[in-house]
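Let me begin by presenting the structure, written as structure tokens, before commenting on it.
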Ligand SMILES: *[C@@H]1O[C@H](CO)[C@@H](O)[C@H](O)[C@H]1NC(C)=O
Ligand SMILES: *[C@@H]1O[C@H](CO)[C@@H](O)[C@H](O)[C@H]1NC(C)=O
Ligand SMILES: *[C@@H]1O[C@H](CO)[C@@H](O)[C@H](O)[C@H]1NC(C)=O
């Protein structure tokens, strides 16, 4: 967790604040994830840069954190801010 915060720095990633990411973690961790992300998490996700999130999808960082990237990509869907999970194949550019 400490390493995670160090990697992220103070600004969070992909326009999601550190607080937002931490609020989302229970819903996307491998170990006993909760069914629904919290309101705080969903609010933080609203402005997330999806292209950027996709770049983190298979990152060492997420594995270190024990985050399930499949669930991570489903977050906007779980929050009902999107009608489908993030599709990184189409979101990726270049
Ligand atoms: C990750 O989440 C997906 C969707 O909830 C689930 O099907 C899969 O088994 C999970 N993988 C791990 C390693 O927990
Ligand atoms: C980043 O998030 C803020 C709100 O937290 C929002 O006002 C801004 O438009 C977002 N930036 C981008 C590039 O999406
Ligand atoms: C979203 O992230 C991508 C990849 O990191 C970056 O190239 C792009 O400029 C970002 N978009 C916005 C609106 O910040």
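Numbering (this note's numbering), first residue to last: 638 to 731. The beta carbon of each residue, even a glycine, is placed where N, CA and C say it ideally should be.
Item, Value
"Per-residue DSSP class, three states only, for residue 687", "helix"
"Between the CA atoms of residue 725 and residue 654 - distance to the nearest angstrom", "21 Å"
"Rounded separation between residue 680 and residue 696 - CA only", "24 Å"
"Residue 723, DSSP secondary structure in three states", "coil"
"With 16 other Cβ atoms within 10 Å as the buried cut-off, status of residue 687", "buried"
"C-beta contact flag for residue 718 and residue 683 at 8 Å", "yes"
"Assigned exposure category for residue 689 - 16 Cβ within 10 Å defines buried", "exposed"
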